[in-house]
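In what follows, a structure is listed as C-alpha cells, so that the remarks can point back to it.
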Amino acid sequence: MIEFINRPVVRLTLIGLIALVVQTTLLADLKFDGIALQIMLAMSIGAGISGGSERGALAGFMFGLMFDLVLSSPLGLTALVYGLVGFLAGYANLLAVANPWWLNALIGAGGSAAATFAYPVVATWVGVDGWLTTRVIEVAIVVALANALIVPLAAPVMRWGLVIKRRARLAPPPEIFA
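Reading the sequence shown from the start, the letters are residues -14 to 163 in my numbering.
Shown next as C-alpha cells:
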C-alpha cells in the first residue's frame, strides 16, 4: 500500500483533488474585487519550479484537466494553459543558479500573469467570445500578487508530490565528475 501512495501520479492526484476542493468551495466565495484566487494555477507553477519543465507541464496539464471538468469552458482549455505555464515556470527556474524563495515568488507572479493573459486569448482563438476585455489586466494583477504569496508555499508541497529529494534536484549531474 505504501508503494502505491509513493507514486507521483497518486500523490499529484491527491494534491490536485484537495486543491480543486479548496478552489471550488472556499476560494469561489472568497473573492477580491470579484476576482477568485487561482490555487490550481499556483500548484501548476509550483510543480514547474520543483520538478523542472517536463514535470511542470505534466502536472499543470493534469491540474488543468481536473479544473476543466468543473468549469463550463471548453474541455482542455485550462489544461493547455496550465500545462504551458508549468513548462515555462520549470524552464525559468532552470535558468537560475540558486533557488531562493523570492525567485519562486517572482516566477509565480510572472507565470500567473502570463496564464491570466493567455487564457482569454486562447479562448478567443478557439471561438469563445467575450473573454478578452480590459478587465483581464485587473484580474492578472490580483492573481499574480496572490500567487506570488502562494507559490513559495506550493513548491515544497509539489516537491513532495513529485517525489523529488531536494538535494538530488540541486546536485550537479554525475557527468560533471566523470
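Each residue gets a CB set at the ideal place from its N, CA and C atoms; glycine is no exception.
Listed as beta-bridge partners of residue 72 by DSSP are no residues whatsoever. In this structure, the straight-line span from the alpha carbon of residue 1 to that of residue 48 is close to 6 angstroms.
Around the CB of residue -10, fewer than 16 other CB atoms lie within 10 Å, so the residue is classed as exposed. Contact between the stretch 32 to 39 and the stretch 49 to 65 is absent: fewer than three C-beta pairs spanning the two stretches fall below 8 angstroms. Between the stretch 72 to 89 and the stretch 9 to 18 there are fewer than three inter-stretch CB-CB distances shorter than 8 angstroms, so the stretches are not counted as touching.
For residue 122, the number of other beta carbons within 10 angstroms of its own is below 16, and it is reported as exposed.
The C-beta separation of residue 70 from residue 26 comes to about 7 angstroms, placing the pair in contact by the 8 angstroms criterion. The Cβ atoms of residue 107 and residue 65 sit closer than 9 angstroms to each other. Under the three-state reduction of DSSP output, residue 77 falls in the helix class. Apart from sequence neighbours up to five positions away, the residues of its chain that approach residue 102 with a beta-carbon distance below 7 angstroms are 121 and 125, ordered along the chain.
Ranked by Cα distance from residue 75, the options 104, 138 and 29 are led by 29. Measuring C-alpha to C-alpha distances from residue 98 to each of 83, 150 and 130 identifies 130 as the nearest. Counting of Cβ neighbours within 10 angstroms places residue 85 among the exposed residues, the total staying below 16.
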